[in-house]
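For the sequence shown, my numbering assigns the number 217 to the initial residue and increments by one for each residue that follows. Please read the structure below before turning to the comments.
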Amino acid sequence: MSSVVNSRIFKDIFGTGAMRGKFMTLFLLNLKFFSIVDIWSDEARTGYYLRWEIALAKVQSKLKIIPQDACDEIIAQAKLENIDFDKLKQSTELIGYPILGVVQQIVSLCRDGLGQWCHWGATTQDVTDSATVLAMRDSFDIIEIDLDHILNSVAKLAEHHRLTPMPGRSNLQQAVPISFGFKMARLLATLQRHKERLSEIRKRVLVLEFGGAAGTLATLDSSVALECQAELAGELNLAQPEIAWHTERDRIVEVGAFLALLCGTLSKNATDIKLLMQTEIDEVSEPYVPHRGSSSTMPNKVNPISCVYIHALAATVRQHAAALMDSMVADHERSTGPWEIEWIVLPEAFILTAGALDQTKSLMAGLQVHPENMMRNLNLTKGLIVSEAVMMNLGAKLGRQTAHDLVYDYCRRSVLEERTLIDLLKEDEKISSVISDSELMQLCDPANYLGLSGTMTDNVVNAYKKANLTQIKRK
Numbered sequence: 217m218s219s220v221v222n223s224r225i226f227k228d229i230f231g232t233g234a235m236r237g238k239f240m241t242l243f244l245l246n247l248k249f250f251s252i253v254d255i256w257s258d259e260a261r262t263g264y265y266l267r268w269e270i271a272l273a274k275v276q277s278k279l280k281i282i283p284q285d286a287c288d289e290i291i292a293q294a295k296l297e298n299i300d301f302d303k304l305k306q307s308t309e310l311i312g313y314p315i316l317g318v319v320q321q322i323v324s325l326c327r328d329g330l331g332q333w334c335h336w337g338a339t340t341q342d343v344t345d346s347a348t349v350l351a352m353r354d355s356f357d358i359i360e361i362d363l364d365h366i367l368n369s370v371a372k373l374a375e376h377h378r379l380t381p382m383p384g385r386s387n388l389q390q391a392v393p394i395s396f397g398f399k400m401a402r403l404l405a406t407l408q409r410h411k412e413r414l415s416e417i418r419k420r421v422l423v424l425e426f427g428g429a430a431g432t433l434a435t436l437d438s439s440v441a442l443e444c445q446a447e448l449a450g451e452l453n454l455a456q457p458e459i460a461w462h463t464e465r466d467r468i469v470e471v472g473a474f475l476a477l478l479c480g481t482l483s484k485n486a487t488d489i490k491l492l493m494q495t496e497i498d499e500v501s502e503p504y505v506p507h508r509g510s511s512s513t514m515p516n517k518v519n520p521i522s523c524v525y526i527h528a529l530a531a532t533v534r535q536h537a538a539a540l541m542d543s544m545v546a547d548h549e550r551s552t553g554p555w556e557i558e559w560i561v562l563p564e565a566f567i568l569t570a571g572a573l574d575q576t577k578s579l580m581a582g583l584q585v586h587p588e589n590m591m592r593n594l595n596l597t598k599g600l601i602v603s604e605a606v607m608m609n610l611g612a613k614l615g616r617q618t619a620h621d622l623v624y625d626y627c628r629r630s631v632l633e634e635r636t637l638i639d640l641l642k643e644d645e646k647i648s649s650v651i652s653d654s655e656l657m658q659l660c661d662p663a664n665y666l667g668l669s670g671t672m673t674d675n676v677v678n679a680y681k682k683a684n685l686t687q688i689k690r691k
């Protein structure tokens, strides 16, 4: 095992088959080539190279830059099954980059010297960067599908538990009551923002690279160079760059930052669920699957397995995003080293993100919620969790500072004497003169102090439904 992402044992825990391998249709010729390929594998990446070279040949023959028979021959030979990967490995180790090795193999297969027109006016980085963009585009599709599944599950939880009371927590201490739906709605709103970010990133990132050695397209006649670039972008369904970006790596780094942000949110949610699963709290549980999370020695334990993996995955993706930041410090017009950082960390960042999404997808689809334990924990402090509600009500009648000092003292007595807050409050004549016992009971009911939990939850869920409906109509 060289990495968890290609380990036979760990690969479907820390990644997904969809990101590593899915049915893709590669239009490498006029025929369709169906295969289970790995988006970030050698085969798929070489497939993207070939796709780029074929697109360039088509465009350049159309613009009379290369002969039509050269284009036809390049298309005929630029097949993935024609690539000798052992030979490609050797040439890459010698040259330092795989593109020239791929081009050399195509050239050697073409008849009558027509292969000389392959890769006309292009440079290694043009093909490499464009292939990265194509791989990211396919990866984005997988991420969006999983994100939609998670959004749907979280929206259902938010809506169903919009008024299910639970303790809100601050510094790991009980703070004031909230609803579980409110907690889920916050997650829903954040994930919706990530989906918006993904849409925005597509516009900035899915951009062709084709500029030649220093990015100026000097190898092509100036009268047709930009037209060739525009046609190539259209052939690959990418945007035309406003200028070469060989050493302007903000697009790739933004993607890494997005993956880290997305995984950060998934990890925050997993952390909350881990804490809520503690034996002493037990307000939610991961989906029950026989023997999942079992201890080797303690039959009573059910460990938070998905949460554990999400945490580890997210932490690693954040480090990869940091590494990508270094790739921005690229020297002059073609860099010496920073570029290769992307080759190392970007594929794994995508695969690990897919793993975090997949774990979250099953986690949220089957999350077990325990409202009875939430209520038990609300009552754990004998009414102290609603002390703010009592203080604010008394403050309007006795003055804020007086009310604060009164309630503060009774909170301390409640702890020391192990008595409920409401019983102590009822004994105070100053309090009973301004608040009736029935009013005190209302104030001391945690379910009555949820603030706008329900309203805010409704706002988020309704916004999600509206956005989702808009998306369906567009499709």
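For glycine and all other residues, C-beta sits at the position ideal for the given N, C-alpha and C.
In the DSSP assignment, residue 608 falls within the alpha helix (DSSP H) that extends over 603 to 614. Within a 10 Å sphere around the beta-carbon of residue 559 sit fewer than 16 other beta-carbons, which makes this residue exposed. Just so you know, the alpha carbons of residue 372 and residue 502 end up roughly 16 Å apart. Between residue 630 and residue 596 the beta-carbon gap is near 12 Å, outside 8 Å, which marks them as no contact. Linking residue 291 to residue 297 through their CA atoms gives a straight-line distance of about 13 Å. Counting along the chain, no alpha helix (DSSP H) covers residue 392; the unbroken beta strand (DSSP E) around it starts and ends at 389 to 395. Under the three-state reduction of DSSP, residue 493 is assigned to coil, being neither helix nor strand.
Counting along the chain, the unbroken beta strand (DSSP E) around residue 384 starts and ends at 381 to 386. With distances taken between CA atoms, residue 354 lies nearest to 566 out of 382, 566, 364 and 287.
The criterion of a C-beta distance shorter than 8 Å is satisfied by residue 534 and residue 476. The alpha-carbon separation between residue 345 and residue 518 amounts to approximately 46 Å. DSSP places residue 501 within a strand segment (E or B) once states are collapsed to three. Per DSSP, residue 597 is not a residue of any alpha helix (DSSP H), being assigned neither H nor E.
Assigned with DSSP and collapsed to three states, residue 456 falls in coil, not helix or strand. When 642, 550, 394 and 602 are compared, the shortest CA-CA separation from residue 429 is found for 550. Here the segment 391 to 409 makes contact with the segment 600 to 612; the two share three or more CB pairs at distances below 8 Å. Taken atom to atom, the span from the alpha-carbon of residue 664 to that of residue 537 is near 44 Å. Look at residue 676 here: in three-state DSSP terms it is helix.
8 Å or more divides the Cβ of residue 465 from the Cβ of residue 400.
For the pair of segments examined, the segment 468 to 485 was found to touch the segment 519 to 530: the number of CB pairs separated by less than 8 Å reaches three.
The alpha carbon of residue 488 has as its nearest neighbour, out of 388, 474 and 548, the alpha carbon of 388. The beta carbon of residue 617 sits closer than 7 Å to no other beta carbon from its chain once the five residues preceding and following it are set aside. About 5 Å separates the beta carbons of residue 383 and residue 593, which is inside the 8 Å limit, making them a contact pair. Annotation for residue 519: no alpha helix (DSSP H) segment contains it, and DSSP assigns it neither H nor E.
Under the DSSP assignment, residue 571 falls in the alpha helix (DSSP H) whose first and last residues are 554 to 581. With a beta-carbon spacing of about 7 Å, residue 573 and residue 359 fall inside the 8 Å limit used to define contacts. Residue 645 counts as exposed, since fewer than 16 other C-beta atoms from the protein chains shown sit within 10 angstroms of its C-beta. Sequence-distant Cβ neighbours of residue 398 in its own chain, meaning closer than 7 Å and more than five residues away, are 669, 672 and 673. According to the DSSP assignment, residue 450 belongs to the alpha helix (DSSP H) that extends over 441 to 451. Ranked by Cα distance from residue 282, the first of 330, 261, 293 and 323 is 330. Shown here, residue 319 sits in a helix according to DSSP, grouped into three states. Judged by DSSP in its simplified three-state form, residue 423 adopts strand.
For residue 607 and residue 379, the gap between their C-alpha atoms comes out near 23 Å. By the CB criterion at 8 Å, residue 500 and residue 585 fall inside the cutoff. Fewer than three Cβ pairs drawn from the segment 620 to 635 and the segment 413 to 429 lie within less than 8 Å of each other, which leaves the two stretches out of contact. Under the 10 Å beta carbon count, residue 505 is surrounded by fewer than 16 other beta carbons and is classified as exposed.
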